Structure formats: C-alpha cells, structure tokens
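Here the structure is laid out as structure tokens; the discussion comes afterwards.
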Amino acid sequence: MPSSTAQPSGVLLVGSIPFTTTEEVLSKVCSALPGRLRSIPDGETNVRNNYIGWQLDCFPKETRNSILGVATAEVPPDHRGTFSLESVKPTQFDAAALESYKTFIKLRDKGAIPQGVRFQVSLPSPLNSIKAHVKADFQPQLEPLYEHRILESLATIIEGIPAEDLAIQ
Numbered sequence: 022m023p024s025s026t027a028q029p030s031g032v033l034l035v036g037s038i039p040f041t042t043t044e045e046v047l048s049k050v051c052s053a054l055p056g057r058l059r060s061i062p063d064g065e066t067n068v069r070n071n072y073i074g075w076q077l078d079c080f081p082k083e084t085r086n087s088i089l090g091v092a093t094a095e096v097p098p099d100h101r102g103t104f105s106l107e108s109v110k111p112t113q114f115d116a117a118a119l120e121s122y123k124t125f126i127k128l129r130d131k132g133a134i135p136q137g138v139r140f141q142v143s144l145p146s147p148l149n150s151i152k153a154h155v156k157a158d159f160q161p162q163l164e165p166l167y168e169h170r171i172l173e174s175l176a177t178i179i180e181g182i183p184a185e186d187l188a189i190q
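So that you can map any letter, position 11 of the sequence shown is 32 in this note's numbering, and since no number is skipped, the others follow by simple counting.
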C-alpha cells in the first residue's frame, strides 16, 4: 500500500496547555503550528490549569463532594435543600476570557497571531462541573443554577468579544 503524503490541514486545540501565561501559550502555539489554526484558546493557565477544578468554589460548601478524601462541610439537619441563583457563585469564565482576549489582541496587533484567527473560549458543559463537584443528592437542584451562571458568562463574553474574533468550544 503506498504511503500517504497528505498533511493535516488544521488543528483544533482544546483544554489546558502547559505554559505559565496566556501570552506564552498564544505565542508558542502560533509559532509551533503556523497556518494550521483557525482559533486559539488561552491555554487555561494559572488557577484554571486543572480544567474545571477551579469551579469548586462556585458551589455551596455543604453540597460539595469530598476532595481527595477530605470531607467537605456537613449538610445541616434542618437543611431543606432549596437553593437559589445566589447559592451558586458566578463562574468567572467571562472575566478570564476577557482578560486573555486583551493579550490576544496585543499579539495579533504585533503580527504574532495571524489575521483571521479567532480567539477560542472553551466552556464546559454544566454537567461536567456538577458531576465532579456536587454530591449526587444536590445535583438536580444545582445543575440548572450553574447552567444559568455559565450562560451569564457566555453572554458577557459575546458582548465583550466581536463575533469575527470569537470561537466558542
């Protein structure tokens, strides 16, 4: 069978990229994959480097799964299990994306990122964070609230980054 000479025409990056800063991620990815990127994520650096691990604090303490065998807060005996949107903290995906977008623009203006390449924002499904961080008994109550918080972040991202510059994954 003849060997194929076909080359990849594009690359989709998802998840964390093991560099320290957004600027380092964007610069190194562009130089390593020239002409192959349609969008570039910020690499989920610093506190976000563990996918959804940083979302734990969004959830009420008494609803959290144990962390590496360490028990979380006990559910008070009189707890009725009713939660409101205020029970789930904002996700901060929007703040992280808008801050990283500034770096993206700076590097694009310098020519380090080619024109036409979009800034990629990767958001988890609400179920990912819920299953990872919330005790099973509370998941049905908190999932729609957390989903609302993700959608709030998404709306802020869409408002703050021009459509021609944005890719949502």
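Virtual Cβ for every residue (Gly too), placed ideally from N, Cα, C. No experiment lies behind these values; they were computed from the predicted model shown.
Checklist entry - Hey, how far is the Cα of R85 from the Cα of G31? => result 40 Å
Next on the checklist: Considering just the uninterrupted stretch of the beta strand (DSSP E) at Q76, what are its terminal residues?
Outcome noted: Unbroken run through Q76: none, as it is neither H nor E.
Checklist entry - Bridge partners of V155, per DSSP? => result R85
Item to check | Given 8 Å, three or more beta-carbon pairs between the stretch 127-138 and the stretch 67-75 | outcome: no
Item to check | Simplified DSSP assignment, three categories, for V46 | outcome: helix
Checklist entry - Is the CB-CB distance between F104 and Q160 below 8 Å? => result no
Item to check | Per-residue burial, G64 [other beta carbons within 10 Å of its own, 16 or more giving buried] | outcome: buried
Item to check | Nearest-angstrom Cα separation, counted from S174 out to A27 | outcome: 40 Å
Checklist entry - In whole angstroms, what is the alpha-carbon distance linking C51 and E107? => result 40 Å
Checklist entry - Helix, strand or coil: how does DSSP classify Q162 here? => result helix
Item to check | Beta-bridge pairing of I61 - partner residues as DSSP gives them | outcome: F140
Item to check | C-beta atoms of V109 and R170 nearer than 8 Å | outcome: yes
Next on the checklist: Could you compute how far the alpha carbon of V35 sits from the alpha carbon of R57?
Outcome noted: 14 Å
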